[in-house]
Structure formats: C-alpha cells, structure tokens
Amino acid sequence: MAQAGKASLKRGKPNYIYTVVGVALVLLIMGIMGWFFLNLNSVGNTFKEDIRLSAYMRTLNKDTIAQIQQFIAAKPYAKNVVYVDKNTAKEIWNKENNEDWAKILDVNPLPESIDFYAKAEYVNKDSLSVISADLMANYGNQITDLQYPQSLVTSLNERASKIGLIFLVVAITLCVIVIFSIDNTIRLAMFSNRFLIKTMQMVGATQSFIARPLNIRAVVNGLISSGIAILLLFSLIGWAESQFPQLKGIRNTNHTLLLFGGLIILGVGISVLSTHRSVLKYLKMKLDDLY
C-alpha cells in the first residue's frame with residue numbers, strides 16, 4: 396500500500412511542473428494587465444502635462460515680462476515656465492512645421508510669449524478657463540490672450556474617462572477568467588492524486604493530516620509560480636522602458652511592489668484554496684467513483 400502511495404505521488408509530480416508553469420503564465424497575463432491598469436492614470440497625466448500653454452505678450456517691456464513670468468511660476472498649476480522671444484518662437488515654429496518661412500517674409504510676425512505647462516489636474520476646460528481669466532484679470536493690458544489646443548484638451552479628458560471605464564471592465568473580466576483558469580489547472584493536477592488521498596483516508600488518516608502536506612505543496616507551488624511570473628513581468632517592464640524611455644518617467648515603485656504583492660497573494664491564495672477544495676472533494680467521494 397505504501398508502494399502504491401509512492402507510485403501515485405510520482406505520477407503526480409510531472410503535473411505539478413505543468414501546474415507551476417501554467418499558473419505562472421496566467422499570472423503573467425494578469426500582471427501585464429495590472430501594470431497597464433495601475434499606470435493608466437500616469438500615462439494620461441503625462442500626455443496632459445505635455446500640452447503647452449502660451450500667454451502671448453502685448454508689451455515688450457522686459458521688466459514687465461519678467462514680472463508676469465514670476466507671477467505664473469508662483470502659481471500651483473504652473474511648471475516649466477519659460478520666456479520665448481521672437482527668435483525662439485520662430486525656431487519652434489520652423490521645427491514643428493518643418494519649414495522656414497524666412498525666404499518669404501522679411502519680418503518675424505510671431506509674438507513673444509511666456510510658455511508653460513499645467514499640472515495634470517488643471518488640464519481641463521474649466522480649470523484652464525479659470526487660469527486664463529486670472530491672467531487677464533491681473534495682466535490684461537500686457538497679455539493678448541492665453542492659447543492652448545482646446546480640442547486636444549477636451550479630447551484627452553473624454554477619452555481618458557472612456558478608456559478608464561473600458562479598462563476597468565476588461566480588468567475585472569480578466570481577473571475572473573484568471574481565477575477560474577488557475578482553479579481548473581490545479582484541480583486537474585490534483586486529479587492524479589485522488590487515489591493517494593483516498594488510500595490515506597482508508598488507512599485511518601485524518602482530514603487535516605491528509606490535507607496538510609498538499610496544502611504546503613500548494614503554497615510552495617504558488618510561490619514558485621508567482622516568482623516566475625514576477626521575474627518575467629519585471630523583464631518585460633525593463634524591455635518596454637528600454638524601447639520607450641518615456642515609460643521611465645511614469646515608473647511608480649509603490650505601484651510595482653503592490654502589483655508584485657498582489658500576484659503573490661493571488662498565486663498562493665488560489666493554489667491553496669483550489670487544492671483544499673479538491674482534497675475535500677475526493678475525501679467525500681466513494682472509491683468506485685474515482686475511476
């Protein structure tokens with residue numbers, strides 16, 4: 396009987412390998428989606444904070460311009476406030492439009508401006524309207540207006556809301572699929588141990604005695620699967636950041652640690668729960684029903 400138990404255990408070992416690999420791949424997919432979800436807001440903020448706002452000058456007095464620049468820089472919404480003279484404005488225009496109109500025009504028609512970027516929470520129609528009104532109220536005689544791509548601002552906010560909702564639905568759906576996939580993978584692995592479980596019960600072993608080594612094995616397998624998934628995910632994130640350096644700017648160590656911790660909890664938790672359920676199932680079944 397002991398030899399039969401050892402034979403059953405040996406037959407179960409290859410399935411553990413497949414289970415570990417299968418669970419690791421499922422956790423990897425979950426980790427990729429989780430990484431996108433946790434960084435979705437940061438990506439949106441990066442795009443928002445890349446929108447340039449230009450306060451065009453009516454005055455050419457350098458002292459007044461410096462005063463206005465200091466006024467904007469002191470505001471909580473402003474970042475990277477710079478003064479753009481006519482020559483710099485021309486260089487920016489030529490770079491963005493990939494052409495030089497100096498051959499056509501003898502004079503530079505571009506106005507001087509103070510360019511700055513707003514923090515993400517202020518990049519919306521209402522907040523930018525308040526910022527514009529504030530500038531005009533204080534320096535309406537020196538500033539013609541505040542210019543920014545209004546259609547782009549509106550589009551970014553609308554799309555961010557829609558994408559966030561869609562991504563949340565997809566993430567929840569994927570989470571459910573992942574849980575069922577891990578559960579089915581582990582239950583299939585436990586199927587090869589059903590005779591060993593029943594044999595131990597028939598010789599008088601208690602439920603806790605039978606379940607304990609299998610639950611410990613489930614914890615170990617869950618940790619190994621989670622470790623593999625985390626290692627692969629870490630490698631993918633590193634590769635993505637090397638291909639797209641902008642991703643380094645949105646890196647959040649706390650989010651990454653939270654994601655890795657979630658993968659460990661999910662991998663170990665589902666492994667133990669599925670293993671314990673399978674043990675109870677086979678203990679309640681009759682011997683003839685195991686065939």
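To get our numbering, take the position in the sequence shown, counting from 1, and add 395. Cβ coordinates follow ideal geometry from the N, Cα and C atoms, glycine included.
Original post:
DSSP puts A513 in a beta bridge; with which residues?
Top reply: A513 is bridged to A473.
Original post:
In chain order, what residues of the same chain have a beta carbon less than 7 Å from the beta carbon of S437, not counting five sequence neighbours either side?
Top reply: Counting only Cβ-Cβ distances below 7 Å, and skipping sequence neighbours, we find I645 and N647.
**OP:** Give every residue of the same chain whose Cβ lies closer than 7 Å to the Cβ of F432, excluding the five residues on either side of it in the sequence, and list them in chain order.
**Re:** The answer, listed in chain order, is F562 and A566.
Subject >> Proximity to N475 [Cα-Cα], best of Y451, C570 and D445 >> reply: For N475, the closest alpha carbon among the candidates Y451, C570 and D445 is that of D445.
Original post:
Thinking just about the alpha-carbon of each residue, which of E636, L631, L668 and I460 is nearest to the one in Q537?
Top reply: The option with the nearest alpha carbon to Q537 is I460.
Original post:
What whole-angstrom Cβ distance do L422 and G662 have, given they're in contact under 8 Å?
Top reply: Confirmed, about 5 Å.
Original post:
Does the segment 450 to 459 come close enough to the segment 652 to 661 to have 3 or more Cβ pairs within less than 8 Å?
Top reply: No, because fewer than three Cβ pairs between the segment 450 to 459 and the segment 652 to 661 fall closer than 8 Å, the two stretches do not touch.
Original post:
In three-state terms, what does DSSP make of I446?
Top reply: Here DSSP, grouped into helix, strand and coil, assigns I446 to coil.
Subject >> Own chain, CB closer than 7 Å to L642, minus 5 neighbours either side, in chain order >> reply: Contacts found: A635 and E636.
Subject >> Delimiting residues of the beta strand (DSSP E) encompassing I538 >> reply: Judged by DSSP secondary structure, I538 falls within the beta strand (DSSP E) whose first and last residues are I538 to Q542.
Original post:
Leaving out five residues before and five after N434 in sequence, what residues of the same chain have Cβ atoms less than 6 Å from its Cβ?
Top reply: Around N434, the same chain offers I645 as residues with beta carbons nearer than 6 Å, after the five sequence neighbours per side are excluded.
**OP:** Just tell me which of S630, G656, G429 and R672 has its CA closest to the CA of I605.
**Re:** Ranking the options by Cα distance to I605, first place goes to R672.
Subject >> Cα-Cα separation, Y543 to A513 >> reply: Going by the C-alpha atoms only, they are around 11 Å apart.
**OP:** Scan the segment 603 to 681 and note each continuous alpha helix (DSSP H) run of 4 residues or more that stays entirely inside, going in chain order.
**Re:** As far as the segment 603 to 681 is concerned, its whole alpha helix (DSSP H) runs of at least 4 residues are 641 to 644 and 648 to 679.
**OP:** Starting from the C-beta of K520, find all residues in its chain whose C-beta is less than 8 Å away, skip the five residues before and the five after it, and write them out in chain order.
**Re:** When the five nearest sequence neighbours on each side are left out, the beta carbons in the same chain lying within less than 8 Å of the beta carbon of K520 are those of Q545, V548, T549 and N552, in order along the chain.
**OP:** With V518 as the anchor, note down where its alpha helix (DSSP H) starts and where it stops.
**Re:** Neither: V518 is in no alpha helix (DSSP H) and is coded neither H nor E.
Original post:
Is S524 near the ligand HEM, with its Cβ less than 7 Å from a heavy atom?
Top reply: Annotation note on the ligand HEM: not contained in the displayed structure, which lists no ligands.
Original post:
What distance in whole Å lies between the Cβ atoms of S666 and G622, which are believed to be in contact at a cut-off of 8 Å?
Top reply: Actually they are not in contact, since the Cβ atoms of G622 and S666 sit about 13 Å apart, beyond 8 Å.
**OP:** Compare the Cα-Cα distances from G385 to each of D540, A528, C570 and V564 and report the closest residue.
**Re:** Within the shown structure, residues of the chain are numbered from 396 to 686, placing residue 385 beyond reach of any answer.
**OP:** Using only alpha-carbon positions, find the residue among L626, T568, I509 and R607 that is nearest to A473.
**Re:** Nearest of L626, T568, I509 and R607 to A473, Cα basis: I509.
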